[in-house]
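What follows is a single structure, written as structure tokens, with notes after it.
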Amino acid sequence: MGLHRATGPDDEDEVRTGPARRVPAVYDDLFAEPPGGRALTRARMPERMADPRAVFEVINAELMLDGDAAQNLATFCTTWTEDEIRRLMDLCVAKNMIDKDEYPQTAEIEARCVRILADLWNSPAEATTIGCSTTGSSEAAMLGGLAMKWRWRQRRAREGKPADKPNLVCGPVQICWEKFARYFDVELRQIPLEDDATGLRPHQLAAYVDENTIGVVAILGVTFTCDYEPVAAISAELDRIHRETGADVPVHVDAASGGFVAPFLQPGLAWDFRVGRVVSINASGHKYGLAPLGVGWVVWRDAAELPEDLVFRVNYLGGDMPTFALNFSRPGGEVVAQYYLFQRLGREGYRRVQGACADTARWLGERIAELGPFELLYDGRGALPAVSYKLKSDHTGFTLYDLTEQLRVRGWQVPSYPLPADRDGTVVQRVLVRHGIGRDEISLLVDDLERCLERLSGGTTGAPARPSFHH
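Note that the numbering used here gives residue 84 to position 10 of the sequence shown, counting from 1, and the numbers run on in steps of one.
Here it is in structure tokens:
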């Protein structure tokens, strides 16, 4: 039964007179009929049904007050998708990823994606590699952390030692690792930045790692600055610590962004399963994996790295399907979209897309350096397609918070925020170049930067020192 028509049982061409007069639906004005003629309810469900077209238009008008996703240079997340992806997601809107026995082909597609990623990340045991999709890299990171905690606890039990004080060692990490530590009762040992550093340095590990360390998190694409931490060098330092102290500590690589960049732009860089201590990797499919929001991945070196106690099993085509997740019901469309992109682009396509973004980021870095007041922390070379910069030490007058505020006048969302401890006195800005953000758009940003600098030449506008979104 359709709910969108305003006519009654009368003939559609008839116009009745008197109190009961009703106009055919084809002549209704969406903004004169409910809910277009009133404000939407804020705290209570309305009593009556309404024309779906009118509800759509009113909500659509509200959403226009959001920032333009294409101008959001703060987010790593995908903001442009092909029509084919939208069509596939429409087909999967009612498919629940948890129901693997009801939607076996969607489950098979997820398994294919895991095998593709195991191959992309150089797993030495591709046939026995295990992994899963998640709602994003935060959930994936927590699953990797849980596996490390379980393995550490099992080892301590075998050795007859207490397992009540686990710790996790890392540099400047995204908030998901702080959540992991709090939610799962693990001490987070976050190593402060050295004066000229933007990430964890291997020689710092010895002061933080001990027999209670469940693992070290290495970041491939530091949230704050967009460069890579040296995974191979971190692993080598842990080898040295193992030889000298006996503490045998694994590495989890948080490749939320870099996991879909390094294999294509820096294929010779050893950061993945080619590094012996790397036991697990997480990545965001919806960041530089180019998929729509709502999909992440975690892959273990081999099945032995994921303790059986953490795995639940469901019936799958009469067989056994393992599942490991924090979420339960979630849509299958994002996973299918990821598989579409793997097939649509292939390695060649990902190289071209990420290469174009990297070229634009390097160009932007050069332009920002020419503007005068900025010092680049990361120039777009060697890691993510992005730039990060601060004001020069001798600069006086306006702040980066002033600049963020001025750029918002034109719709640009460029975050300003302090670096982590012990460099939290340094405020930086970051610009991410993603698929769908081309050279022309970035050239317009540069033009607006120049205009903003002219407006700020007289000094600060008094913008509050309020850190912008930078995750």
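All C-beta atoms in this analysis are idealised placements derived from N, C-alpha and C, irrespective of residue type, glycine included.
Exercise. Thr-149 and Gly-370 look like a contact to me (Cβ under 8 Å); what is the Cβ gap, rounded to whole Å?
Worked result: Within the sequence shown, residue 149 is the residue found at index 75, counting from 1. Within the sequence shown, residue 370 is the residue found at index 296, counting from 1. In fact, because the Cβ distance is near 15 Å, the residues do not count as touching under 8 Å.
Exercise. Nearest to Glu-318 by CA position, among Ala-280, Gly-423 and Thr-155, is which residue?
Worked result: Taking the sequence shown and counting its residues from 1, the one referred to as residue 318 is at position 244. Among Ala-280, Gly-423 and Thr-155, the Cα nearest to that of Glu-318 belongs to Ala-280.
Problem set entry | Complete alpha helix (DSSP H) runs within the stretch 238-299 (minimum length 4 residues, chain order) | For the stretch 238-299, whole alpha helix (DSSP H) runs of length 4 or above, ordered along the chain, are 249-257.
For this session: Determine which residues share a DSSP beta bridge with Gln-503 and list them.
Result: Residue numbering aside, residue 503 sits at position 429 when the sequence shown is read from its first letter. Beta-bridge pairing links Gln-503 to Tyr-463 and Ser-490.
Exercise. Does the beta-carbon of Met-222 have 16 or more other beta-carbons within 10 angstroms, so that it is buried, or is it exposed?
Worked result: Indexing the sequence shown from 1 puts residue 222 at position 148. By the 16-neighbour rule on beta-carbons within 10 angstroms, Met-222 is buried.
For this session: Tell me the start and end of each unbroken beta strand (DSSP E) in the stretch 161-219 that is at least 3 residues and wholly inside, in chain order.
Result: Here the runs fully enclosed are 204-208.
Exercise. When the distance is taken between beta carbons, is Gly-359 closer than 8 Å to Gln-412?
Worked result: Taking the sequence shown and counting its residues from 1, one reaches residue 412 at position 338. Taking the sequence shown and counting its residues from 1, one reaches residue 359 at position 285. The beta carbons of Gln-412 and Gly-359 sit closer together than 8 Å.
Exercise. When you compare each of Asp-313, Pro-489, Arg-256 and Asp-102 to Asp-476 by their alpha carbons, which one comes out closest?
Worked result: Translated into positions along the sequence shown, residue 476 becomes position 402. Among Asp-313, Pro-489, Arg-256 and Asp-102, the Cα nearest to that of Asp-476 belongs to Pro-489.
Exercise. Hey, Phe-347 and Ser-197: beta-carbon distance below 8 Å or not?
Worked result: Residue numbering aside, residue 347 sits at position 273 when the sequence shown is read from its first letter. Residue numbering aside, residue 197 sits at position 123 when the sequence shown is read from its first letter. For Phe-347 and Ser-197, yes; Cβs fall inside 8 Å.
For this session: Jot down the residue ranges of each uninterrupted beta strand (DSSP E) in the stretch 378-430, minimum 3 residues, whole runs only, in chain order.
Result: The qualifying runs are 386-390 and 393-397.
Problem set entry | CB contact flag (Pro-240, Ile-315, <8 Å) | Residue numbering aside, residue 240 sits at position 166 when the sequence shown is read from its first letter. Residue numbering aside, residue 315 sits at position 241 when the sequence shown is read from its first letter. In terms of Cβ geometry, Pro-240 and Ile-315 do not form a close pair [threshold 8 Å].
For this session: Compute the Euclidean distance between the alpha carbons of Ile-249 and Glu-107, then round it to the nearest angstrom.
Result: What you label residue 249 is simply residue 175 of the sequence shown in a count that begins at 1. What you label residue 107 is simply residue 33 of the sequence shown in a count that begins at 1. Answer to the nearest angstrom: the Cα atoms are 45 Å apart.
Exercise. Between which two residues does the beta strand (DSSP E) containing Asn-146 stretch?
Worked result: Along the sequence shown, one-based indexing puts residue 146 at 72. Unbroken run through Asn-146: none, as it is neither H nor E.
Exercise. In whole angstroms, what is the alpha-carbon distance linking Val-89 and Arg-116?
Worked result: To locate residue 89, count along the sequence shown from 1; it is residue 15. To locate residue 116, count along the sequence shown from 1; it is residue 42. For Val-89, the predicted structure reports a pLDDT of 40, less than 50, and the residue's modelled location is therefore unreliable. A value from the coordinates is still provided. Going from the Cα of Val-89 to the Cα of Arg-116 covers about 35 Å.
Exercise. Helix, strand or coil: how does DSSP classify Ile-133 here?
Worked result: In the sequence shown, residue 133 corresponds to position 59, counting from 1. Three-state result, Ile-133: helix.
Exercise. If we count the other Cβ atoms within 10 Å of its Cβ and call it buried at 16 or more, is Phe-163 buried or exposed?
Worked result: Along the sequence shown, one-based indexing puts residue 163 at 89. The residue asked about is misnamed: residue 163 is Met in this sequence, not Phe. With 16 or more other Cβ atoms within 10 Å, it is buried.
Problem set entry | Inter-residue Cα distance where the pair is Arg-426 and Leu-419 | For the purposes of this step, residue 426 is taken as the residue at position 352 of the sequence shown. For the purposes of this step, residue 419 is taken as the residue at position 345 of the sequence shown. Near 9 Å, if we compare the C-alpha coordinates of Leu-419 and Arg-426.
Exercise. How should Tyr-302 be labelled, buried or exposed, when 16 other C-beta atoms within 10 angstroms of its C-beta is the threshold for buried?
Worked result: Here residue 302 corresponds to residue number 228 of the sequence shown, with the count starting at 1. Buried: at least 16 other Cβ atoms inside 10 Å.
Exercise. Ends of the beta strand (DSSP E) at Leu-451?
Worked result: Here residue 451 refers to the residue found at position 377 of the sequence shown. Counted as a single uninterrupted DSSP element, the beta strand (DSSP E) harbouring Leu-451 occupies residues 448-452.
For this session: Find out if the Cβ-Cβ distance for the pair Leu-458, Cys-300 is shorter than 8 Å.
Result: On the sequence shown, position 384 is the one that residue 458 refers to. On the sequence shown, position 226 is the one that residue 300 refers to. Judged by beta-carbon spacing, Cys-300 lies within the 8 Å limit of Leu-458, meaning their Cβ atoms are closer than that value.
Exercise. How many Å lie between Gly-218 and Ser-331 at the Cα?
Worked result: Residue 218 sits at position 144 when you count from the first residue of the sequence shown. Residue 331 sits at position 257 when you count from the first residue of the sequence shown. About 16 Å.
Exercise. Candidates Arg-525, Gly-499, Arg-508 and Gly-512: which alpha carbon is nearest Asp-269's?
Worked result: Taking the first residue of the sequence shown as position 1, residue 269 is located at position 195. Of all alpha-carbon atoms in Arg-525, Gly-499, Arg-508 and Gly-512, the one lying nearest the alpha-carbon of Asp-269 is that of Gly-499.
Problem set entry | Proximal residues to Arg-513 (C-beta, below 6 Å), its chain only, five neighbours per side dropped | On the sequence shown, residue 513 is found 439 positions in, with the first residue counted as 1. Annotation for Arg-513: Thr-434 place their beta carbon closer than 6 Å to its own, counting only its chain and skipping 5 residues before and after.
For this session: Between the Cα of Ser-354 and those of Glu-121, Ala-181, Val-290 and Gly-234, spot the shortest distance and give me the residue it belongs to.
Result: The residue given as residue 354 occupies position 280 in the sequence shown. The option with the nearest alpha carbon to Ser-354 is Val-290.
Problem set entry | Cutoff 6 Å; reference Ala-495; Cβ partners in own chain excluding five residues on either side | On the sequence shown, position 421 is the one that residue 495 refers to. Apart from sequence neighbours up to five positions away, the residues of its chain that approach Ala-495 with a beta-carbon distance below 6 Å are Pro-266, ordered along the chain.
Problem set entry | Buried or exposed (CB count within 10 angstroms, at least 16 for buried), Arg-455 | Your numbering for residue 455 matches position 381 in the sequence shown. Within a 10 Å sphere around the beta-carbon of Arg-455 sit fewer than 16 other beta-carbons, which makes this residue exposed.
Exercise. Alpha carbon to alpha carbon, how far is Glu-213 from Ala-181?
Worked result: One-based indexing of the sequence shown puts residue 213 at position 139. One-based indexing of the sequence shown puts residue 181 at position 107. CA-to-CA, the gap between Glu-213 and Ala-181 works out to about 19 Å.
Problem set entry | Any 3 or more C-beta pairs closer than 8 Å across the stretch 166-176 and the stretch 318-327 | Three or more Cβ pairs closer than 8 Å define a contact, and the stretch 166-176 falls short of that threshold against the stretch 318-327.
For this session: Taking 8 Å as the threshold, find out whether the stretch 398-410 comes into contact with the stretch 171-186 through three or more Cβ pairs.
Result: When Cβ pairs closer than 8 Å are counted between the two stretches, the stretch 398-410 is seen to touch the stretch 171-186, the count reaching three or more.
Exercise. Quick one, which of Arg-161, Arg-497 and Trp-374 has its alpha-carbon nearest Trp-195's?
Worked result: Numbered from its first residue, the sequence shown carries residue 195 at position 121. Ranking the options by Cα distance to Trp-195, first place goes to Trp-374.
Problem set entry | Per-residue DSSP class, three states only, for Ile-511 | To locate residue 511, count along the sequence shown from 1; it is residue 437. Of the three classes helix, strand and coil, the one that applies to Ile-511 here is coil, per DSSP.
For this session: For Pro-541, count neighbouring C-beta atoms within 10 Å of its own C-beta (all shown protein chains included) and say buried if the count is 16 or more, exposed if not.
Result: Here residue 541 corresponds to residue number 467 of the sequence shown, with the count starting at 1. Pro-541 comes out exposed.
For this session: Given a cut-off of 8 Å, decide if Val-247 and Arg-263 are closer than it, judged by their beta-carbon atoms.
Result: On the sequence shown, residue 263 is found 189 positions in, with the first residue counted as 1. On the sequence shown, residue 247 is found 173 positions in, with the first residue counted as 1. Val-247 is positioned such that its CB atom lies no closer than 8 Å to that of Arg-263.
Exercise. Do you know how far the Cα of Leu-339 is from the Cα of Phe-448?
Worked result: By 1-based counting over the sequence shown, the position of residue 448 is 374. By 1-based counting over the sequence shown, the position of residue 339 is 265. So the alpha carbons of these two residues sit roughly 26 Å apart.
Problem set entry | Ala-221 in three-state terms, based on DSSP | If you number the sequence shown from 1, residue 221 lands on position 147. Helix.
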